[in-house]
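Notes for the one structure printed next.
In this note's numbering, the protein residues as written are 7 to 399.
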């Protein structure tokens, strides 16, 4: 760990807690973006670009030595639409909004690295500090990419990380290949023919069709997907009728999600689900449609070379015994995946703690809080990554 970052962690903690206290939802991170832009400008960044994907910020920092090489470092800024239950002084002041996933910490770690590097510039080339909006289900990374992120700020590789409760404090976990799953949210509407519950022969019962779809869809995982490939298909919201006991409804609606680690598996599962929905309805004389909702994310896939470099850097920060380079992938999803589709990338998990206290409470929990003790560790990783990728000489 870099000593100067450790010594200044009280200052970084104040930044983090200020951001935590003033959470902003996706594409609404105006205060956070202004705070970031002001600090980068204050520290003498060569360029500070704002308004990317509405509230995104990209800071450009050039080293003291010329080089055509460039890398990107990314942090997400947005909070969750949930009520905070914590009672500490830096708890959210905005009703129904909370930094329940640690993006306040991600932003602070990248800011701390920016502060350190701006003072020294002991590297050759360019670093793009990417502060991204709207990770939580809105695909802010996708919007940044579509608005020309890597055309405007071309880089050889891009790196990001996520704090992770349940991993020992200060440990880095990563792996080559898929480290986080894809996420596809779907809605199904079945239109049949309503009728009297005592005379089902005169109706086309959408509840029966709905039940058949739920059961048949399980065969996608158990019979249409290799046992060597992981995928999860869950129906989470099924609704039909209006509270009566003797009326067969005319319509039924279903919602659910699909997750996979391989793009071919993901595509195959979606195609099979669409076919099951369509043909089950047709067989019963009904109509059905399925919509894949916006906010679907591909799997986050770590590039082999970037993973080797990230492993080496992580070991230089915390020691080899605190780096797991072959961790199991997580079934959660991340829109960093859109950046990883464009540029060789590596995404790491940084242990937030396992003690059951502030570091051990899972993310997306109303009692969660980022562990400030890991700020210098994450910031040191970003700094040392720059020094490794953009070596002098």
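Every residue, glycine too, gets a C-beta built ideally from N, C-alpha and C.
field: When 80, 173, 15 and 73 are compared against residue 361, the one with the closest alpha-carbon
entry: 173
task: Please name the residue or residues paired with residue 308 in a DSSP beta bridge.
output: According to DSSP, residue 308 bridges with 183.
- prompt: Relative to the alpha-carbon of residue 297, which residue among 391, 259 and 133 has its alpha-carbon at the smallest distance?
  reply: 259
- request: Classify residue 17 as buried or exposed, calling it buried when 16 or more other Cβ atoms lie within 10 Å of its own Cβ.
  value: exposed
Separation of residue 93 from residue 372, as counted between CA atoms: So the two alpha carbons sit approximately 11 Å from each other.
query: Can you round the beta-carbon distance between residue 184 and residue 11 to whole angstroms, since I take them to be within the 8 Å contact cut?
result: Taking the Cβ atoms as the reference, residue 184 lies roughly 31 Å from residue 11, outside the contact range of under 8 Å.
- prompt: Tell me, which residues are paired with residue 336 by DSSP?
  reply: In the DSSP output, where bridge partners are listed per residue, residue 336 has 186.
query: Can the beta-carbon of residue 189 be found less than 7 Å from the beta-carbon of residue 272?
result: no
task: Report yes if the C-beta distance between residue 401 and residue 329 is below 7 Å; otherwise report no.
output: Because the chain in this structure spans residues 7 to 399, residue 401 falls outside the shown range and cannot be described.
Spatially closest choice to residue 95 from 51, 27, 38 and 142, by CA coordinates: 27
- request: Throw me the rounded Cβ distance for the residue 226 and residue 239 pair, which I believe falls under 8 Å.
  value: 6 Å
message: If contacts are defined as beta-carbon pairs under 8 Å, then residue 394 and residue 319 qualify, I think. What distance do you get, rounded to the angstrom?
response: Right, their Cβ atoms sit about 5 Å apart.
- prompt: Helix or strand or just coil, what does DSSP make of residue 99?
  reply: Coil.
- prompt: Going by the CB atoms, is the gap between residue 306 and residue 343 shorter than 7 Å?
  reply: yes
query: Start and end of the beta strand (DSSP E) containing residue 163?
result: 163 to 171
message: Report the start-end ranges of each alpha helix (DSSP H) in the stretch 15 to 58 that is 4 residues or longer and not cut off at the edges.
response: 15 to 27 and 36 to 48
- request: Report whether the distance from the Cβ of residue 276 to the nearest heavy atom of the ligand ZN is below 6 Å.
  value: Judged by which ligands are present, the structure shown has none, so any question about the ligand ZN falls away.
query: residue 250 lies in the beta strand (DSSP E); which residues open and close that run?
result: Neither: residue 250 is in no beta strand (DSSP E) and is coded neither H nor E.
- request: Mark residue 131 as exposed unless 16 or more other C-beta atoms lie within 10 angstroms of its C-beta, in which case mark it buried.
  value: Label assigned to residue 131: buried.
- prompt: So, helix, strand or coil for residue 104, using DSSP?
  reply: strand
query: Taking DSSP as the reference, what is the three-state secondary structure of residue 227?
result: helix
query: So is residue 64 buried or exposed if we call it buried at 16+ other beta carbons inside 10 Å?
result: buried
query: Using the C-alpha atoms, what's the distance from residue 175 back to residue 359?
result: 4 Å
- request: Select from 398, 399, 348 and 355 the residue whose C-alpha is nearest the C-alpha of residue 157.
  value: 348
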